[in-house]
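Numbering (the numbering used here), first residue to last: 1047 to 1297. Every residue, glycine too, gets a C-beta built ideally from N, C-alpha and C. Source: prediction; values computed, not measured.
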Amino acid sequence: MRSFLLSTLSVLTLTAGASAADLTVYTYEGFTAEWGSGPQVEKAFEAKCGCDIEFVGLTDGVELLNRLKLEGANTRADIVLGLDTNLTAEARATGLFAPHGVDATSVTVPGGWNDDMFLPYDYAHFAVVFDTETVKTPPKSLKELVEGGPEPKIVIEDPRTSTPGLGLVLWVKKVYGDKAPDAWAKLKDRVLTVTPGWSEAYGLFTKGEAPMVLSYLTSPAYHMVAESTDRYQAAAFEEGHYMQIEVAGQT
1047 MRSFLLSTLS VLTLTAGASA ADLTVYTYEG FTAEWGSGPQ VEKAFEAKCG
1097 CDIEFVGLTD GVELLNRLKL EGANTRADIV LGLDTNLTAE ARATGLFAPH
1147 GVDATSVTVP GGWNDDMFLP YDYAHFAVVF DTETVKTPPK SLKELVEGGP
1197 EPKIVIEDPR TSTPGLGLVL WVKKVYGDKA PDAWAKLKDR VLTVTPGWSE
1247 AYGLFTKGEA PMVLSYLTSP AYHMVAESTD RYQAAAFEEG HYMQIEVAGQ
1297 T
């Protein structure tokens, strides 16, 4: 639901050499949820490596990095799955990650890939997803979302804990430049609430608490495939959409 999945199995192969051992993977709650990719990945990889995977689910990607900083060299994580390219420089600076040693020449992500420490496993563009039953005229641009008044409401994620929230901050900065603080002052009246992570935000949206949510262009595809409904759609913005590439690394 979050994004276009590449090969998470190949990412976990970072530590396949340590087969028949326990493997602790720090990731986000949306991955470990029963509707997420985690349960299927766990079953398939454990069968392949003869090991036992323990997922530690945190709220979202920024919280993953915060947790690693707190734990330092005492971290239990073997693999960290759920950072994104907005965080890799900061993650590298912790000194906790090791080179992956994987030939990434076949990795296909927009813009290509050249990083010896982190491997991408999915990518998508952020978008405002709306409920067509309550929103008949969705915003056509980020500026219309920001400047169009207090209705309809939107749920967004906290940039201090969530990669979508951080992505929105950078998206607004890209569009508004030095006037970004003014844009946030205008947007705040439209925001119903700010959640710690994507899962909480999307859950409020699907429960009908708000008619719009910060999510991904790919989110409607999940509902089409899993629920056979096109009720939820992504608004296409004239300025374009900010892209996220999620990555994994080994400690």
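Reference residue i; option with closest CA among the options
i     : options                       : result
R1236 : E1190, Q1279 and A1272        : E1190
F1172 : G1128, L1188 and E1255        : L1188
I1202 : I1099, K1219 and G1249        : G1249
T1180 : P1242, K1225 and K1253        : K1253
V1175 : A1247, A1079 and W1217        : A1247
Y1278 : M1289, Y1268 and P1166        : Y1268
M1289 : Q1086, V1215, K1089 and Y1072 : V1215
Y1074 : A1282, G1295, L1127 and H1287 : L1127
F1283 : M1270, Y1262 and E1273        : Y1262
S1274 : V1155, P1266 and A1280        : P1266
Helix, strand or coil at residue i according to DSSP, with G and I counted as helix
i     : result
A1064 : Only weak support exists for where A1064 lies, its pLDDT of 48 falling under 50; the value from the coordinates is given anyway. DSSP places A1064 in helix when its eight states are reduced to three.
P1299 : Outside the modelled stretch of the chain, which goes from 1047 to 1297, sits residue 1299, for which no answer is possible.
T1178 : coil
F1172 : strand
M1153 : The identity of residue 1153 in the sequence shown is Val, whereas the question assumes Met. Coil, per DSSP.
A1123 : coil
A1226 : helix
L1133 : coil
G1128 : strand
E1080 : coil
Beta-bridge partners of residue i, as assigned by DSSP
i     : result
F1101 : V1071
Q1290 : A1170
E1203 : T1241
L1110 : Looking at the DSSP assignment, L1110 forms no beta bridge with any residue, so it has no partner.
Spatial neighbours of residue i in its chain, beta-carbon cut-off 7 Å, leaving aside the 5 residues before and after
i     : result
T1121 : L1114, L1142 and T1297
Cβ neighbours of residue i in the same chain (closer than 6 Å, five flanking residues each side left out)
i     : result
T1131 : I1291
E1109 : T1207
P1242 : T1105, D1204 and T1207
V1218 : A1226 and A1229
L1233 : V1192
A1144 : Q1296
G1286 : none
Spatial neighbours of residue i in its chain, beta-carbon cut-off 8 Å, leaving aside the 5 residues before and after
i     : result
K1199 : R1236, V1237, L1238, A1256, P1257 and M1258
F1194 : The residue asked about is misnamed: residue 1194 is Gly in this sequence, not Phe. So the qualifying residues of the chain are P1185 and R1236.
Exercise. Go through the stretch 1231-1285 residue by residue and report every complete run of the beta strand (DSSP E) that reaches 3 residues or more, in order.
Key: 1237-1241, 1258-1262 and 1278-1280
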